[in-house]
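Q:
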Amino acid sequence: MKSLFIEKNISYDGTQLRSLFAYMDFGLQGDSIVSWVGPCNVSFDHMVDGEDLLAKAEIRGGQMVHFIVECFSTPLAEMVWQQRLLASLVHDLILEKGRVAGGGVPAVRRDGDDVFVKLPSGEGKFSISIATVSPVSGLMHFAVNVTNSGTPVPTASLDDLGLRAPEFAREILKRFVGEFESVRGATTKVRWVR
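Here the sequence shown stands for residues 1282 to 1475, where the numbers follow the numbering used here.
1) I'd like to know if the stretch 1304-1311 and the stretch 1325-1344 are in contact, where contact means that at least 3 CB-CB pairs between them fall below 8 Å.
2) State the Cα-Cα distance for the pair ASP1294 and PHE1325, rounded to the nearest angstrom.
3) Which residues bound the beta strand (DSSP E) around ILE1411?
4) Relative to the C-alpha of ARG1445, which candidate in ARG1299, LEU1374, GLN1364 has its C-alpha closest?
5) Could you tell me whether the Cβ atoms of GLY1419 and ARG1380 are closer together than 8 Å?
6) Who are the near neighbours of VAL1427 in its chain, counting only those whose CB is closer than 7 Å to its CB and skipping five residues on each side?
7) Taking the alpha helix (DSSP H) that TRP1362 falls in, what are its first and last residues?
8) Relative to the C-alpha of PRO1401, which residue among VAL1386, SER1408, SER1415, ASP1394 is closest?
9) For MET1345, name the three-state secondary structure that DSSP assigns.
10) Tell me where the alpha helix (DSSP H) around PHE1286 begins and ends.
11) With the cut-off set at 8 Å, would you say PRO1433 and GLU1339 are in Cβ contact?
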């Protein structure tokens, strides 16, 4: 699993969730996870989630940390498991490093592939995500709010927790690659059952 934090600001509009995005745009061939910071505004033409389409839900944010994962020859169910793993890694990192006003540990919960953070002002949605497949690979977009500006629902953000976006992104990249490689390694050390 290759990883890259992209230094330039890229606006996520849904078109990045495609096979070979990391390879054609950044030279990462094979299974990969890339991340960057930038705004988010997904039109209905590029929205993948049927539930969001039916609800005509807006997916946007003024500034987010984005992750795109691509795994070749991977079915949708496995990508959904990876999506939930990524949400769990984000949950854990918030508990380890995040602090709310006054220095307290934030109340954070994961519900499926969504992460929520309780702030003095109330609970806010911290992340968005979707998993899908192309003819050649499984794909996932996962993003967390850097700020609360431009969001259509009450949110919580890295700014609320005193966390810097590039450092947060790099740590999640490292942890996700570590888990991915550990799982792959675990599949190569067991005998089959007769």
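C-beta atoms are modelled at their ideal positions from N, C-alpha and C, and glycine is treated no differently.
The model shown is predicted, which means the values in this text are computed figures rather than measured ones.
A: On the basis of the data shown:
1) no
2) Within the sequence shown, numbered from 1, the residue matching residue 1294 stands at position 13. Within the sequence shown, numbered from 1, the residue matching residue 1325 stands at position 44. Rounded to whole angstroms, ASP1294 to PHE1325 spans 10 Å at the Cα level.
3) Working through the sequence shown from its first residue, we reach residue 1411 at position 130. Element bounds for ILE1411: 1408-1414.
4) Taking the sequence shown and counting its residues from 1, the one referred to as residue 1445 is at position 164. The option with the nearest alpha carbon to ARG1445 is LEU1374.
5) Within the sequence shown, numbered from 1, the residue matching residue 1419 stands at position 138. Within the sequence shown, numbered from 1, the residue matching residue 1380 stands at position 99. Taking 8 Å as the Cβ cut-off, GLY1419 and ARG1380 do not qualify as a contacting pair.
6) Looking up residue 1427 in the sequence shown gives position 146. For VAL1427, where only same-chain residues beyond five positions count, the Cβ hits under 7 Å are VAL1318, GLN1344, MET1345, VAL1346, SER1438, LEU1439, ASP1440, ALA1446.
7) Working through the sequence shown from its first residue, we reach residue 1362 at position 81. Segment 1357-1378, the alpha helix (DSSP H) holding TRP1362.
8) One-based indexing of the sequence shown puts residue 1401 at position 120. The residue with the shortest Cα to Cα distance from PRO1401 is VAL1386.
9) Translated into the one-based positions of the sequence shown, residue 1345 becomes position 64. Strand.
10) Working through the sequence shown from its first residue, we reach residue 1286 at position 5. From DSSP, PHE1286 is part of no alpha helix (DSSP H) but of the beta strand (DSSP E) over 1283-1286.
11) Along the sequence shown, read from residue 1 onward, the residue named residue 1433 stands at position 152. Along the sequence shown, read from residue 1 onward, the residue named residue 1339 stands at position 58. Their beta carbons are under 8 Å apart, which means PRO1433 touches GLU1339 by this criterion.
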